[in-house]
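Q: When you line the sequence shown up against the numbering used here, it's residues 1 to 213, in that order.
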Amino acid sequence: MKLAVLGTGEVGSNLASKLVELGNQVMIGSRTSKKAQDLAKRLGKGASGGTFSQAAAFGEVVFNCTHGDSSLEILKSAGVHLDGKVLVDVANPLKFSNNKMSLTVSNTDSLGEQIQRAHPKAKVVKALNTMNYKIMTNPGILSEDTDVFICGNDSAAKAKVTEILRWFGWKRVIDLGGIDRARGMEAVLLLWLSLAQKYGFAPFNYKIVRQSA
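Set out below in structure tokens:
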């Protein structure tokens, strides 16, 4: 499959590496193509690099791994290349100020919804934003099976993202509903950061346990 990963940070690098390892053709996008090309060289055969726009044009499925405070601007540069495609939004609208963390959008809106409104012809699916990047592509490093959440308005797009999550080893995929559910998924980050600061940043994740019948 031809896939695009927008962003060369820890999240983007990790996802691109795993997708290449699984035998896909992956184009990495960055503001300047050199940074993406340098990462692609390290990843080897199957990887290539370009601008955000070039990567979005290449991929059948596009992963948004950019910083949440710049995602809208970056995705705008990808423009019509996102039309009709599955856009997996992994970003979080997080900001730090005076050593305190907050969301730049919350409660009545979310970054996922803003992206969907800005790109109405794209099929936005929120996924993988509630965990450490190491777990995203290797959930088996944890001592037991945990949950990954997704949401979005297009059922076929969510099925495609679920298929990719299965490649990574996810057994428990919980579909929360429409893209408005990104509000809750993004808000989880505040709890995640509090837990990480209390217990350390070693990978951990959530598991939903329901009352027995």
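C-beta: ideal position from N, C-alpha, C; glycine also. It should be emphasised that the depicted structure is a prediction, and the values quoted were computed from it without experimental measurement.
Thr104: buried (16+ other C-beta within 10 angstroms of its C-beta) or exposed?
A: Its Cβ having fewer than 16 others within 10 Å, Thr104 is exposed.
Q: Throw me the rounded Cβ distance for the Thr66 and Leu3 pair, which I believe falls under 8 Å.
A: So it is not a contact: roughly 16 Å between Cβ atoms.
Q: Spell out the partners DSSP gives Thr51 in its beta bridges.
A: DSSP, once it has assigned bridges, lists Ser30 as partnering Thr51.
Q: Rounded to whole angstroms, how far is the Cβ of Val125 from the Cβ of Val86, which I believe are closer than 8 Å?
A: Contact flag correct, Cβ pair sits at about 6 Å.
Q: Looking at the unbroken beta strand (DSSP E) that takes in Met101, where does it start and where does it end?
A: From DSSP, the beta strand (DSSP E) with Met101 extends over Lys100 to Leu103.
Q: Could you please give the first and the last residue of the uninterrupted alpha helix (DSSP H) stretch that includes Asn138?
A: Per DSSP, Asn138 belongs to no alpha helix (DSSP H) and is neither H nor E.
Q: From the DSSP output, in three-state form, read off Gly152 for me.
A: The answer is strand: DSSP assigns Gly152 an E or B state.
Q: How big is the Cα-Cα spacing for Ser77 and Gln211?
A: If you take the alpha carbons of Ser77 and Gln211, they lie about 47 Å apart.
Q: Have a look at Leu190 and Leu19 and give me their C-alpha separation to the nearest angstrom.
A: Distance between the alpha carbons of Leu190 and Leu19: 28 Å.
Q: Starting from Leu6, trace the beta strand (DSSP E) both ways and give me its first and last residue.
A: Leu6 -> beta strand (DSSP E) spans Lys2 to Leu6.
Q: Secondary structure at Phe63, three-state DSSP: helix, strand or coil?
A: The answer is strand: DSSP assigns Phe63 an E or B state.
Q: Does the beta-carbon distance from Arg172 to Asp147 come in below 7 Å?
A: Their beta carbons are under 7 Å apart, which means Arg172 touches Asp147 by this criterion.
Q: Below 7 Å between beta carbons: does that hold for Gly50 and Ala36?
A: Yes, the pair counts as a contact, with Cβ atoms nearer than the cut-off.
Q: Can you confirm whether the region 143–160 touches the region 197–210 when touching is taken to mean that 3 or more C-beta pairs between the two stretches lie within less than 8 Å?
A: Taking 8 Å as the limit for Cβ pairs, the verdict is that the region 143–160 does touch the region 197–210.
Q: Assuming the contact rule is C-beta atoms closer than 8 Å, Ala156 and Ser106 should be a hit. Round their C-beta distance to whole Å, please.
A: About 29 Å; that fails the 8 Å criterion.
Q: Less than 7 Å between the C-beta atoms of Gly57 and Ser71, yes or no?
A: A small fix is needed here, since residue 57 is Ala in this sequence, not Gly. The answer is no: Cβ separation not under 7 Å.
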